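A.B. asks: In our numbering, the protein residues as written are 711 to 796.
Don't be surprised by glycine CBs; every beta carbon is placed ideally from N, CA and C.
None of the values given here were measured: they were computed from a predicted structure.
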Amino acid sequence: MKDQAKVEAHWAETQRLTYVMLGIWAFFSFVIHMFATTLNGVKILGFPMGFYMAAQGSLIVFVAQLFWFAKAQNKIDQKYGMAEDE
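1) According to DSSP, simplified to helix, strand and coil, what is residue 717?
2) Pick helix, strand or coil for residue 745, following the three-state DSSP scheme.
3) Can you check DSSP and say which residues form a bridge with residue 753?
4) How is residue 793 classed by DSSP in three states: helix, strand or coil?
5) Mind checking whether residue 783 and residue 747 have CB atoms under 8 Å apart?
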């Protein structure tokens, strides 16, 4: 029974992390681009921010998000003794 509680706690934290990641992904995939015309008033390196977020910004966030997710999931796995290297 103790192992089952550990598995359920691990899954709960993994789900929470997944929902946070999906929220961030949705924000940078859809919400930012819905306000592209408004963001065009701000300039980054001479380019309008709406254009920058569509061309580069969102992609940079997605790559950073992948590294963050891998590190956070590994930390959760180690916390519950389910890491690959154990």
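C.D. replies: Quick answer:
1) Secondary structure of residue 717 (DSSP, three-state): helix.
2) Three-state DSSP puts residue 745 in coil, outside helix and strand.
3) When beta bridges are read from the DSSP output, residue 753 appears opposite 758.
4) Looking at residue 793 - three-state DSSP - the assignment turns out to be coil, as it is neither helix nor strand.
5) Contact flag unset, no.
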